[in-house]
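Under the UniProt record's numbering, think of the first position of the sequence shown as 1, with each following residue one higher.
Glycine included, C-beta positions come from ideal geometry on N, C-alpha and C.
Here the structure is laid out as structure tokens; the discussion comes afterwards.
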Amino acid sequence: MYRRKHIEKWCEVEMDQKRIRKAIDDFGSVIKEYRKKEVMTLDSLASRVGCSPAFIFRAERGSRIVPIHMRVRILKSGLNWKSSDVEHYLVEMIKGYEQKNR
């Protein structure tokens with residue numbers, strides 16, 4: 001029983017890491033995939049986040065640079081990410097930024 005729970009927890013952590021990596025690599029597709037999976041309109045997601053539908057649309061397409069504070073709002077309010085996942089996302093983004101600027 002313990003071993004099974006341990007494996008399930010490990011798989012859950014592994015999936016979270018993949019989701020975080022994907023959000024760093026292609027933030028727009030993560031938004032769009034979640035919105036489509038949840039059958040949400042641009043308007044409904046924008047309302048949850050507190051921005052315009054046009055902002056969400058441009059973020060999904062990658063034609064808009066999404067500031068960090070808006071990424072956090074989208075992940076937490078729009079996509080219902082846990083605080084710990086958002087924190088991990090931010091840490092990984094910073095690591096990537098530091099590596100690029102060495």
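CB contact flag (residue i, residue j, <8 Å)
i: V86; j: V66; result: no
i: A59; j: G28; result: yes
i: L42; j: F57; result: yes
Secondary structure of residue i, DSSP reduced to three states
i: L75; result: helix
i: M70; result: helix
i: I65; result: coil
i: K95; result: helix
i: E38; result: coil
i: G50; result: coil
Residue from the options with nearest C-alpha to residue i
i: M70; options: S84, A46, K32; result: A46
For the region 18 to 27 and the region 47 to 55, state whether three or more C-beta atom pairs, one from each stretch, are separated by less than 8 Å. No: fewer than three Cβ pairs fall under 8 Å.
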